[in-house]
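Enquirer:
Number of protein chains: 2
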Amino acid sequence: MKIENEEEIIAQCPISPVQKIIGGKWNMVILYFLSQGVLRFSELQRKLPNVTQASLTKQLRLLEEYKIVHREVYKQVPPKVEYSLTEIGTKFSPVLTALEEWTTKYQEID
Amino acid sequence: MKIENEEEIIAQCPISPVQKIIGGKWNMVILYFLSQGVLRFSELQRKLPNVTQASLTKQLRLLEEYKIVHREVYKQVPPKVEYSLTEIGTKFSPVLTALEEWTTKYQEID
DNA sequence: ATAGATACTATCAAAAAAGATACTAAGGAG
DNA sequence: CTCCTTAGTATCTTTTTTGATAGTATCTAT
Chain S
1 MKIENEEEII AQCPISPVQK IIGGKWNMVI LYFLSQGVLR FSELQRKLPN
51 VTQASLTKQL RLLEEYKIVH REVYKQVPPK VEYSLTEIGT KFSPVLTALE
101 EWTTKYQEID
Chain H
1 MKIENEEEII AQCPISPVQK IIGGKWNMVI LYFLSQGVLR FSELQRKLPN
51 VTQASLTKQL RLLEEYKIVH REVYKQVPPK VEYSLTEIGT KFSPVLTALE
101 EWTTKYQEID
């Protein structure tokens, strides 16, 4: 998700700076699962059975780059990599909670 | 944003049903602006200078279809069309507020 | 020696979203 | 009669995202 001329919209919309974080097909879902606890790669995969390994890796790397997700590699064989939220990542929870509540309401009307 | 096999993830993730609403490059931004008041098409366009007319229309129609945005057509020439949030749409505000707060914190660390 | 586990990476193809551009309707102003 | 305005539509192309598939490394257990 590429956003150009960001400045113009940012000037008027306070949430557009994080648009690329919340956009994306799986990011919010990944954040939801990680908000519930540390997960290793294979566990996340099981929770997202319709995301390919390649896609999941890519998304996680993005979230890591944005400093929302922490990636901990254990030097073991077979490999073990744990994903968790960073400090700012955990602060995202209220958004997820609000969204969860709204989703419930939304589903009631439809 | 097409999501197949939704059931599987929905079972575990309460927010995935609305993933297609919050995903999309401009939806959240559109919702933000509309949460501040009724806007006619041209006004929204001015607030989103880097979205083409075609894209904006497409997004608005989607949000309308999802029953989050109401479209009011005035039988005038030149045409006048006003966009506003539906009842469930206005209830989305807490999400935007939470997100706005998080965005501020997020920008402080980066 | 071989198979198994985990977390990748690298290509390539497909699909989806977004953008560019041009065109339309219809009444009012000049 | 012609231009202007607003809110579109209709195509086509480009970009971006996602998926499918196959391959890699390395230690352990058999």
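In order, the protein sequence lines correspond to chains S and H.
Every letter in the first sequence is one number past the one before it in the numbering used here, and letter 60, counting from 1, is 60.
Every letter in the second sequence is one number past the one before it in the numbering used here, and letter 17, counting from 1, is 17.
Idealized CB from N, CA, C, for every residue including glycine.
Pop quiz: S/I15 and H/V29 are said to be a contact at Cβ under 8 Å. What is the actual Cβ separation, rounded to whole angstroms?
Expert: The count along the first sequence starts at 1 and reaches residue 15 of chain S at position 15. The count along the second sequence starts at 1 and reaches residue 29 of chain H at position 29. Their Cβ separation, rounded to whole angstroms, is 7 Å, which keeps S/I15 and H/V29 in contact under 8 Å.
Enquirer: To the nearest angstrom, report how far apart H/T52 and S/Q76 are at their CA atoms.
Expert: Stepping through the second sequence from its first residue, residue 52 of chain H is reached at position 52. Stepping through the first sequence from its first residue, residue 76 of chain S is reached at position 76. Rounded to whole angstroms, H/T52 to S/Q76 spans 51 Å at the Cα level.
Enquirer: Cα-Cα, which of S/Q107, S/K58, S/P94 is closest to H/K105?
Expert: Indexing the second sequence from 1 puts residue 105 of chain H at position 105. With distances taken between CA atoms, H/K105 lies nearest to S/P94 out of S/Q107, S/K58, S/P94.
Enquirer: Measuring alpha carbon to alpha carbon, tell me which residue in H/K25, H/R40, H/W26, H/Q19 is nearest H/S84.
Expert: For this step, residue 84 of chain H is matched to residue 84 along the second sequence. Minimum Cα distance to H/S84 is reached at H/R40.
Enquirer: Quick one, which of H/K80, H/T86, H/F33, H/C13 has its alpha-carbon nearest H/L96's?
Expert: If you number the second sequence from 1, residue 96 of chain H lands on position 96. Checking every option, the nearest Cα to that of H/L96 belongs to H/F33.
Enquirer: S/Y74 to S/E87, Cα distance in whole Å?
Expert: What you label residue 74 of chain S is simply residue 74 of the first sequence in a count that begins at 1. What you label residue 87 of chain S is simply residue 87 of the first sequence in a count that begins at 1. Whole-angstrom Cα-Cα distance: 21 Å.
Enquirer: List the endpoints of the continuous beta strand (DSSP E) containing H/Y106.
Expert: Counting from 1 along the second sequence, the entry for residue 106 of chain H is found at position 106. First-last for H/Y106: 93-109, but that is the alpha helix (DSSP H), not the beta strand (DSSP E).
Enquirer: Compare the C-alpha of S/R61 against each of S/T90, S/E101, S/W26, S/A98 and name the closest.
Expert: Position 61 of the first sequence holds residue 61 of chain S. Considering only alpha carbons, the answer is S/W26.
Enquirer: Tell me, please, which residues DSSP counts as bridged to H/S84.
Expert: The residue you call residue 84 of chain H lines up with position 84 of the second sequence. Note: H/S84 sits in a beta bridge opposite H/H70.
Enquirer: Going by beta-carbon coordinates alone, are H/V18 and S/T103 separated by less than 8 Å?
Expert: If you number the second sequence from 1, residue 18 of chain H lands on position 18. If you number the first sequence from 1, residue 103 of chain S lands on position 103. Yes, Cβ-Cβ distance for H/V18 and S/T103 is below 8 Å.
Enquirer: May I ask you to report which of helix, strand or coil DSSP gives H/L39?
Expert: For this step, residue 39 of chain H is matched to residue 39 along the second sequence. If DSSP states are grouped into helix, strand and coil, H/L39 belongs with the strands.
Enquirer: Quick one: list the residues of chain H neighbouring S/E100, beta-carbon separation under 9 Å, in chain order.
Expert: Here residue 100 of chain S corresponds to residue number 100 of the first sequence, with the count starting at 1. In chain order: P14, I15.
Enquirer: Rounded to whole angstroms, what is the Cα-Cα separation between S/E100 and S/Q45?
Expert: For the purposes of this step, residue 100 of chain S is taken as the residue at position 100 of the first sequence. For the purposes of this step, residue 45 of chain S is taken as the residue at position 45 of the first sequence. If you take the alpha carbons of S/E100 and S/Q45, they lie about 22 Å apart.
Enquirer: Along the chain, where does the alpha helix (DSSP H) that runs through H/S16 open and close?
Expert: As a first step, residue 16 of chain H must be located in the second sequence, where it is residue number 16. Here H/S16 belongs to no alpha helix (DSSP H), and DSSP marks it neither H nor E.
Enquirer: Please name the residues in the segment 33-56 of chain S whose beta-carbon is closer than 8 Å to at least one beta-carbon of chain H, in chain order.
Expert: Taking 8 Å as the Cβ-Cβ cut-off against chain H, the residues of the segment 33-56 of chain S that qualify are F33, K47, L48, P49, N50.
Enquirer: Run through chain S and tell me which residues come within less than 7 Å of H/T103, C-beta to C-beta.
Expert: Translated into the one-based positions of the second sequence, residue 103 of chain H becomes position 103. Per Cβ cutoff of 7 Å: P14, I15, P17, V18.
Enquirer: Could you list which residues in chain S have their beta carbon closer than 9 Å to that of H/V73, in chain order?
Expert: To locate residue 73 of chain H, count along the second sequence from 1; it is residue 73. Within chain S, no residue has its CB atom less than 9 Å from the CB of H/V73, the nearest being about 23 Å off.
Enquirer: Around the C-beta of H/I68, are 16 or more other C-beta atoms found within 10 angstroms, so that it is buried, or is it exposed?
Expert: The sequence position of residue 68 of chain H within the second sequence is 68, counting from 1. Buried, since its Cβ has 16 or more Cβ neighbours within 10 Å.
Enquirer: Quick check: is the beta carbon of S/Q59 nearer than 8 Å to any beta carbon in chain H?
Expert: Against the first sequence, residue 59 of chain S aligns to sequence position 59. It does not; no Cβ of chain H falls within 8 Å.
Enquirer: Under 8 Å, Cβ to Cβ, is there at least one residue of chain S near H/I9?
Expert: Here the question's residue 9 of chain H lines up with position 9 in the second sequence. Confidence in H/I9 is poor, its pLDDT being 49 and thus under 50, which makes the residue's placement too unreliable to answer from.
Enquirer: Taking H/Q107 as the query, report the chain S residues whose CB atoms sit under 8 Å from its CB, ordered along the chain.
Expert: Counted from its first residue, the second sequence places residue 107 of chain H at position 107. Result: P17.
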